[in-house]
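To start, the structure under review is shown below, and the notes come after it.
Protein chains in written order, with the working numbering: chain U, 1 to 694; chain E, 695 to 897.
Here it is as structure tokens:
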């Protein structure tokens with residue numbers, strides 16, 4: 001082809017610059033007529049695409065047979081899909097009846113976004129416009145894809161059969177799905193996708209795909225998967241611009257971590273279904289039925305519809321049920337509770353939950369509980385067999401919620417069965433009637449409980465309550481806590497119980513009878529009650545305690561008489577004394593019998609000085625007991641040091657016990673300061689009748 | 695005479711110093727206390743002898759010089775010693791501290807494999823931190839998160855409790871930074887440690 005010919009055939013157009021040379025020659029030899037047509041275009045371009053070095057050749061061997069070869073040196077694809085280099089399409093065309101057929105075509109590509117290709121293909125084109133193309137095997141994304149295309153008068157269908165194609169490469173090829181590049185995404189997909197359409201566009205999709213060897217790991221480790229196999233089915237049909245769809249997802253094997261959830265299909269496979277419709281014009285998604293089943297753990301179903309570009313729920317109902325609340329807690333709830341007091345529970349029972357959302361968010365909730373039991377593995381609290389239902393409504397007053405609890409425990413203190421009747425409405429929870437909890441032979445009655453600010457995003461929850469204790473057995477309480485047993489009962493009015501910012505506080509006071517006297521505790525508060533180191537603060541006053549009962553309880557050696565005590569500024573850290581100001585004394589004008597046994601004198605002396613009085617080595621050993629006038633002991637504990645004091649004596653010492661009568665015995669202290677741990681050790685070493693004080 | 699003229703202001707200055715020294719955080723004693731606790735938790739045999747306590751330092755001190763200067767020095771030592779002794783008295787023997795130590799000790803055996811595999815490291819603020827969650831199996835990741843949350847809660851309690859038990863809640867930050875240093879020093883081979891600039895290295 002000469003330059004003149006090129007100029008001759010040049011077509012000038014803004015979009016298409018065509019420079020072609022056609023050589024037409026008719027050859028005749030030995031009586032065989034043959035046509036050979038070669039046509040080449042240097043470059044041609046359209047909107048978004050461009051082809052360089054296009055050549056088409058056609059050679060006819062017989063009237064029904066001719067061969068076509070198309071080559072393109074470089075074809076730039078539209079929409080940034082890359083380019084095809086060294087494209088060569090060959091096809092021996094044959095005429096069958098009313099169709100042109102290519103039964104043994106060849107496609108070669110030296111380079112393309114879906115790698116180099118050397119594939120066979122078949123195709124046919126009938127006179128009435130029906131086109132069919134089949135490519136049995138294309139190398140795509142490290143796997144293969146088989147393609148079948150049918151088109152007839154604008155109506156078309158396609159079958160795409162990926163086989164072990166790499167997901168990450170497929171996503172990159174699509175240009176639509178942006179997967180994180182640094183997650184090391186592995187996995188492949190196989191199956192069948194059937195597409196159909198008409199001149200207006202896509203009309204149906206049927207996909208049946210298996211994804212296997214799926215694995216990824218985000219750099220921060222918060223998202224990861226290993227050896228996942230997922231089976232997905234999707235059927236979609238469009239009618240009047242609205243798509244109806246049915247989808248199913250099965251996840252039989254593999255493990256997934258999506259912070260904070262860890263799901264191992266080996267513990268129970270997951271299946272999900274979703275059917276509904278999607279209107280792109282109205283941006284409306286309708287869920288006719290959705291379900292998610294985590295085998296052995298929980299099932300969730302949902303119906304409703306969403307609107308707008310962000311698909312905000314307009315009317316959505318979600319129902320969840322679990323026949324194994326233990327697995328529900330372990331697999332789905334505990335991960336969200338890490339770092340709270342509820343992150344180490346043992347749970348059993350069945351639960352069901354229904355939630356409804358409207359345009360403003362959640363407006364109704366209902367919880368059904370059967371046989372729910374939970375226990376803190378650190379033994380701090382527990383709940384026995386609990387049945388009931390709870391209803392909540394954002395705006396309306398709902399029926400009373402009821403819970404029947406077979407028993408509970410807090411710090412090893414068990415309770416009997418009790419019922420709760422409560423009303424949940426908007427952001428409030430109110431008791432319908434007092435909750436009476438049988439405990440330690442008596443009861444705690446929760447007279448009032450009001451919570452507000454809960455369940456509303458951004459609101460600060462606060463609660464207040466008042467309770468009263470009636471006839472709680474101190475003997476049972478002290479035995480449960482493994483303390484020396486007290487006798488008596490505990491009665492208290494606990495007004496203004498509050499819990500905020502980790503501080504539990506009690507207005508009013510606990511008043512109880514013990515050892516024949518009255519004990520009153522006021523200003524009680526506990527910081528971080530379920531933490532490693534709870535801090536308790538309180539003040540206590542004791543009036544008219546009978547020393548005989550008290551000393552008998554503590555195996556201290558018998559003392560008779562009455563005792564008043566003021567214990568101010570008590571602070572227990574980790575339930576151990578850290579600070580207090582204690583003043584024990586004989587009440588003024590006490591006319592009770594005042595006697596102290598020899599053993600008690602020995603113990604008191606040893607407690608104060610670290611050495612026993614050694615009465616048994618003196619003449620006083622013949623007396624079992626002595627009369628005394630007053631007892632007076634002050635202990636000021638601050639940190640690790642306890643300051644001791646008593647009734648002042650002119651010689652600088654102080655009386656712990658001031659004797660009277662004959663033989664008179666005084667217990668006199670001289671040490672003003674003692675290490676608290678020494679004092680505790682001495683107390684622990686005091687043994688009477690084989691008992692040891694702890 | 696000259697000695698007396700020079701000596702009194704010096705002594706006054708030294709006595710003033712004795713008084714003011716008590717308001718400072720007792721760094722050496724706190725470090726000792728921290729080392730005791732950290733070794734106890736990590737159950738490590740002392741890899742190297744603990745830094746000698748102050749009395750030992752004094753015992754090893756051999757005064758040299760003019761006899762008057764020595765006498766002054768000895769006298770000052772006698773005066774300063776109680777102040778330093780008071781300063782060095784960091785109490786870690788409270789019930790709360792014991793409870794926290796026991797809790798941390800119990801957790802150590804669960805945390806140790808994650809320290810060694812580099813999942814969790816000692817950060818430069820006296821806490822532990824997740825440095826490479828990908829090094830943990832998927833099923834272990836929430837366990838790691840719980841261990842780290844619980845350990846850090848205990849450590850925070852420990853630091854505030856030591857400061858509080860010694861009558862100076864305001865020392866908490868200094869207790870924490872002391873511990874940060876000691877955790878790093880006492881970390882066992884294979885543990886991962888964060889330096890001041892935030893970088894990680896393996897011991």
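Beta carbons are placed, not taken as given, at the ideal position from N, Cα and C, and that holds for glycine.
Is the beta carbon of residue 442 of chain U closer than 8 angstroms to that of residue 412 of chain U? Here residue 412 of chain U corresponds to residue number 412 of the first chain, with the count starting at 1. Here residue 442 of chain U corresponds to residue number 442 of the first chain, with the count starting at 1. Contact: no.
Report the neighbours of residue 570 of chain U on chain E: residues whose CB is nearer than 7 angstroms to its CB, in chain order. The residue given as residue 570 of chain U occupies position 570 in the first chain. None at all; the shortest Cβ gap to chain E is about 14 angstroms.
I'd like the ranges of any alpha helix (DSSP H) spanning at least 4 consecutive residues and lying wholly in the stretch 274-348 of chain U. 325-328 and 334-337
To which residues does DSSP link residue 360 of chain U through a beta bridge? Looking up residue 360 of chain U in the first chain gives position 360. Answer is none; residue 360 of chain U lacks a bridge partner.
Between the C-alpha atoms of residue 430 of chain U and residue 465 of chain U, what's the straight-line distance to the nearest angstrom? Stepping through the first chain from its first residue, residue 430 of chain U is reached at position 430. Stepping through the first chain from its first residue, residue 465 of chain U is reached at position 465. The alpha-carbon atoms of residue 430 of chain U and residue 465 of chain U are separated by roughly 10 angstroms.
Counting C-beta neighbours from all protein chains within 10 Å, is the total for residue 340 of chain U 16 or more, i.e. buried, or is it exposed? Position 340 of the first chain, counting from 1, holds the residue named residue 340 of chain U. So residue 340 of chain U ends up on the exposed side.
If we ignore side chains and look at the alpha-carbon of each, how far apart do residue 827 of chain E and residue 222 of chain U end up? Within the second chain, the letter at position 133 stands for residue 827 of chain E. Within the first chain, the letter at position 222 stands for residue 222 of chain U. The straight-line gap from Cα to Cα measures roughly 7 angstroms.
Using beta-carbon positions only, say whether residue 845 of chain E and residue 798 of chain E come within less than 8 angstroms of one another. Here the question's residue 845 of chain E lines up with position 151 in the second chain. Here the question's residue 798 of chain E lines up with position 104 in the second chain. Yes, the Cβ-Cβ distance between residue 845 of chain E and residue 798 of chain E is below 8 angstroms.
Relative to chain E, which residues along the stretch 522-533 of chain U have a C-beta separation below 9 angstroms, given in chain order? 528, 531, 532 and 533
Could you name the residues of chain E that residue 360 of chain U contacts, counting a contact when the two beta carbons are closer than 7 angstroms? Mapped onto the first chain, residue 360 of chain U falls at position 360. Those within 7 angstroms of residue 360 of chain U in chain E number zero; the least Cβ separation is about 34 angstroms.
If you draw a straight line from the alpha carbon of residue 60 of chain U to that of residue 52 of chain U, how long is it in whole angstroms? The residue you call residue 60 of chain U lines up with position 60 of the first chain. The residue you call residue 52 of chain U lines up with position 52 of the first chain. If I take the Cα positions, the gap works out to 26 angstroms.
How big is the Cα-Cα spacing for residue 183 of chain U and residue 234 of chain U? Looking up residue 183 of chain U in the first chain gives position 183. Looking up residue 234 of chain U in the first chain gives position 234. Each residue's Cα considered, the two are about 27 angstroms apart.
Reducing DSSP to helix, strand and coil, say where residue 251 of chain U ends up. Working through the first chain from its first residue, we reach residue 251 of chain U at position 251. Residue state, collapsed to three classes: strand.
Closer than 9 angstroms at the beta carbon, the chain E residues around residue 645 of chain U: Here residue 645 of chain U refers to the residue found at position 645 when the first chain is read from its first residue. Under the 9 angstroms cutoff, chain E gives no residues; its nearest Cβ is about 21 angstroms from residue 645 of chain U.
Where does residue 603 of chain U fall in DSSP's three states? In the first chain, residue 603 of chain U corresponds to position 603, counting from 1. Here residue 603 of chain U sits in helix by DSSP.
If you measure beta-carbon to beta-carbon, which residues of the stretch 203-227 of chain U are closer than 9 angstroms to chain E? 217, 218, 219, 220, 221, 222, 224, 225 and 226
Contact with chain U by residue 788 of chain E, beta-carbon distance below 8 angstroms: Taking the first residue of the second chain as position 1, residue 788 of chain E is located at position 94. Residue 788 of chain E counts as touching chain U.
Nearest CA to the CA of residue 295 of chain U: which residue from U/286, U/305 and U/252? Counting from 1 along the first chain, the entry for residue 295 of chain U is found at position 295. Of the candidates U/286, U/305 and U/252, the one whose C-alpha sits nearest the C-alpha of residue 295 of chain U is U/252.
Determine the direct distance from the alpha carbon of residue 563 of chain U to that of residue 543 of chain U, and round the result to whole angstroms. To locate residue 543 of chain U, count along the first chain from 1; it is residue 543. To locate residue 563 of chain U, count along the first chain from 1; it is residue 563. So the alpha carbons of these two residues sit roughly 7 angstroms apart.
Using a beta-carbon distance below 8 angstroms, is residue 737 of chain E in contact with chain U? Along the second chain, one-based indexing puts residue 737 of chain E at 43. Not closer than 8 angstroms to any Cβ of chain U, the Cβ of residue 737 of chain E fails to qualify, so no.
So what does DSSP say about residue 463 of chain U, is it helix, strand or coil? Reading the first chain from its first residue, position 463 is the one you call residue 463 of chain U. Correct three-state label for residue 463 of chain U: strand.
Considering only the alpha carbon of each residue, which of U/583, U/291, U/263 and U/119 lies closest to residue 246 of chain U? As a position in the first chain, residue 246 of chain U is number 246, starting the count at 1. That would be U/291, whose Cα lies nearest to the Cα of residue 246 of chain U.
What is the rounded straight-line gap between the Cα of residue 891 of chain E and the Cα of residue 852 of chain E? Numbered from 1 along the second chain, position 197 holds the residue referred to as residue 891 of chain E. Numbered from 1 along the second chain, position 158 holds the residue referred to as residue 852 of chain E. Answer to the nearest angstrom: the Cα atoms are 25 angstroms apart.
Closer than 8 angstroms, Cβ to any Cβ of chain B: which residues of the stretch 481-504 of chain U, in chain order? In the displayed structure, chain B is absent; the protein chains listed are U and E.
Measuring straight from C-alpha to C-alpha, what distance separates residue 217 of chain U and residue 833 of chain E? Residue numbering aside, residue 217 of chain U sits at position 217 when the first chain is read from its first letter. Residue numbering aside, residue 833 of chain E sits at position 139 when the second chain is read from its first letter. Distance between the alpha carbons of residue 217 of chain U and residue 833 of chain E is about 14 angstroms.
Contact with chain U by residue 731 of chain E, beta-carbon distance below 8 angstroms: Along the second chain, read from residue 1 onward, the residue named residue 731 of chain E stands at position 37. Chain U contact via Cβ: absent.
Beta-carbon separation (whole angstroms), residue 440 of chain U vs residue 481 of chain U, contact threshold 8 angstroms: Within the first chain, the letter at position 440 stands for residue 440 of chain U. Within the first chain, the letter at position 481 stands for residue 481 of chain U. Not confirmed; about 10 angstroms, so no contact.
Any chance the stretch 335-350 of chain U sits against the stretch 365-374 of chain U, with 3 or more Cβ pairs inside 8 angstroms? yes
Can you give me, in chain order, the residues of the stretch 336-348 of chain U that have a beta carbon less than 7 angstroms from any beta carbon in chain E? 338, 339 and 343
For the beta strand (DSSP E) holding residue 737 of chain E, just list the boundary residues, first then last. Here the question's residue 737 of chain E lines up with position 43 in the second chain. Unbroken run through residue 737 of chain E: none, as it is neither H nor E.
Which stretch, first to last residue, makes up the beta strand (DSSP E) that contains residue 237 of chain U? Within the first chain, numbered from 1, the residue matching residue 237 of chain U stands at position 237. Looking at the DSSP string, the run of the beta strand (DSSP E) that includes residue 237 of chain U is 223-239.
Please report how far the alpha carbon of residue 265 of chain U lies from the alpha carbon of residue 255 of chain U, in whole angstroms. Here the question's residue 265 of chain U lines up with position 265 in the first chain. Here the question's residue 255 of chain U lines up with position 255 in the first chain. When rounded, the distance between both Cα atoms is 6 angstroms.
Suppose you measure from the CA of residue 408 of chain U to the CA of residue 415 of chain U; what does that come to, to the nearest Å? Here residue 408 of chain U is taken as the residue at index 408 of the first chain, counted from 1. Here residue 415 of chain U is taken as the residue at index 415 of the first chain, counted from 1. Their backbone Cα atoms lie some 5 angstroms apart in a straight line.
Min CB distance residue 784 of chain E to chain U below 8 angstroms: For the purposes of this step, residue 784 of chain E is taken as the residue at position 90 of the second chain. It does not; no Cβ of chain U falls within 8 angstroms.
Stretch-stretch touch, CB-based, cutoff 8 angstroms, three pairs: the stretch 169-186 of chain U with the stretch 203-211 of chain U: no
Determine the direct distance from the alpha carbon of residue 490 of chain U to that of residue 631 of chain U, and round the result to whole angstroms. Here residue 631 of chain U refers to the residue found at position 631 of the first chain. Here residue 490 of chain U refers to the residue found at position 490 of the first chain. Between residue 631 of chain U and residue 490 of chain U, the C-alpha separation is close to 26 angstroms.
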